[in-house]
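Under the numbering used here, the residues of the sequence shown are numbered 44 to 259, in order.
Where a beta carbon is used, it is the ideal one built from N, C-alpha and C, also for glycine.
One structure below.
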Amino acid sequence: ESGGIQTTDIVLKSGGTAVFQQTDTSLEDSIQSMVERTVSEFGGIDIVVNNAAAFVFGSIEETGADEWSKVLGVNVVGYANTIKTALPYLKQSGNGAIINVASVSSFIAQPEFVPYNTSKGAVSQLTRCLAMDLAKYKIRVNAVCPGAIYTRASERHMDFMGIDYKKGRELFGQDAVMKRMGEPAEIANGVLFLASDEASFITGEHLVIDGGATLD
């Protein structure tokens with residue numbers, strides 16, 4: 044919540060228009076309230092960015108039904124329901140864009156990442172299938188696939204591993220040929236591009252932003 048409020052303040056102070064709506068994307072009623080407020084405030088919806096995430100890591104033996112429900116409910120079903128709820132307004136736009144934040148984990152196997160990687164693989168297929176289904180409405184659907192990005196979530200992962208943040212930055216950045224972690228703004232730039240008219244002939248694609256971590 045604090046991050047959303049802070050971001051809203053930054054936009055407002057820079058002369059933009061923004062509102063913050065706290066939303067649990069695993070709940071359809073919460074999504075409906077978010078969409079209704081957006082339409083009320085801005086008159087319609089042209090762009091949807093799905094960026095909510097539940098981080099559940101572990102082996103298949105360690106992952107119970109509650110963990111599966113959490114990670115799939117937010118990372119997959121939440122994305123689908125957000126798009127479904129916003130779809131009538133995206134159709135009205137005549138130039139809609141949907142950007143799903145997936146991950147390099149959509150494509151690669153990682154040890155004890157079973158729940159998370161499964162959910163991100165599903166986001167990849169959700170993106171491709173919707174690109175086919177929604178093109179007739181002039182709606183583009185793409186995915187951004189971040190590698191290791193320094194966020195609060197990565198800090199929580201470092202806490203789980205029992206390492207300090209400086210060492211964690213170095214360790215998590217080693218897979219990238221650029222030998223560093225990415226920054227959130229570098230992902231935001233990719234999202235902005237896919238949402239813009241500069242990407243008007245791009246749909247069903249995955250923009251990988253990982254510092255070259257998946258080159259091999």
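As assigned by DSSP and simplified to three states, the class of residue i
| i | result |
| --- | --- |
| Phe156 | strand |
| Ala96 | coil |
| Val191 | Here the sequence assigns Ala to residue 191, which means Val is not the residue at that position. Ala191 falls in the coil class under three-state DSSP. |
| Asn185 | strand |
| Ala174 | helix |
| Gly255 | coil |
| Val91 | strand |
| Gly8 | Lying before the first or after the last residue shown, residue 8 is absent from the chain, which here runs from 44 to 259. |
| Thr66 | coil |
| Asp207 | coil |
| Asp218 | coil |
| Ser162 | helix |
| Arg212 | helix |
Beta strand (DSSP E) segment containing residue i, residue limits
| i | result |
| --- | --- |
| Leu250 | 249-252 |
| Val78 | That residue, Val78, is in no beta strand (DSSP E); its alpha helix (DSSP H) goes 71-85. |
| Asn143 | 139-144 |
Residues of its chain near residue i, where Cβ-Cβ distance is below 8 Å and the 5 sequence neighbours each way are ignored
| i | result |
| --- | --- |
| Thr194 | Pro227 |
| Lys113 | Ser69, Ala97, Val99 |
| Phe236 | Ala242, Leu250 |
Element boundaries [alpha helix (DSSP H), containing residue i]
| i | result |
| --- | --- |
| Arg195 | 195-204 |
| Ile230 | 227-238 |
| Ala108 | 108-115 |
| Lys127 | 121-136 |
| Ile151 | Careful: Ile151 lies outside any alpha helix (DSSP H) and carries neither H nor E. |
| Ile270 | In the structure as shown, the chain begins at 44 and stops at 259. Residue 270 is therefore absent and cannot be evaluated. |
Cut-off 7 Å between Cβ atoms - residues of its own chain near residue i, not counting five sequence neighbours on either side
| i | result |
| --- | --- |
| Met201 | Tyr208, Gly211 |
| Gly233 | Val187, Leu250, Ile252 |
| Phe156 | Phe100, Ser148 |
| Val166 | Asn118, Val119, Tyr122, Asn143, Ala145, Ser149, Ala186 |
| Leu258 | Val220 |
| Ile74 | Thr66, Thr68, Asn124, Thr125, Thr128 |
| Ser102 | Glu155, Val157 |
Residue nearest to residue i in terms of C-alpha spacing, selected from the options
| i | options | result |
| --- | --- | --- |
| Gly139 | Asn94, Ser243, Ile90 | Ile90 |
| Gly247 | Leu235, Ala178, Asn124 | Ala178 |
| Ser239 | Val92, Val220, Lys127 | Val92 |
| Phe244 | Gln65, Lys163, Ala174 | Ala174 |
| Leu133 | Met204, Met221, Gly86, Ile206 | Gly86 |
| Thr222 | Ile192, Phe203, Ala196 | In the sequence under discussion, the amino acid at residue 222 is Lys, which differs from the Thr named in the question. Nearest option by C-alpha distance: Ile192. |
| Gln65 | Gly46, Thr106, Val82, Glu229 | Gly46 |
| Asn124 | Ile206, Ser76, Ser83, Glu198 | Ser76 |
| Glu110 | Asp176, Gln49, Ser162 | Ser162 |
Contact set for residue i: own chain, Cβ-Cβ below 6 Å, skip 5 residues either direction
| i | result |
| --- | --- |
| Gly33 | Because the chain here runs from 44 to 259, residue 33 falls outside it and cannot be looked at. |
| Thr170 | Asn143, Val184, Ala186 |
| Gly116 | Ser69 |
Distance between beta carbons of residue j and residue i, contact taken as under 8 Å
| i | j | result |
| --- | --- | --- |
| Val147 | Gly190 | 5 Å |
| Ala129 | Ile88 | 5 Å |
CB contact below 7 Å: residue i versus chain E
| i | result |
| --- | --- |
| Gln75 | Chain labels in this structure do not include chain E; a single protein chain is all it has. |
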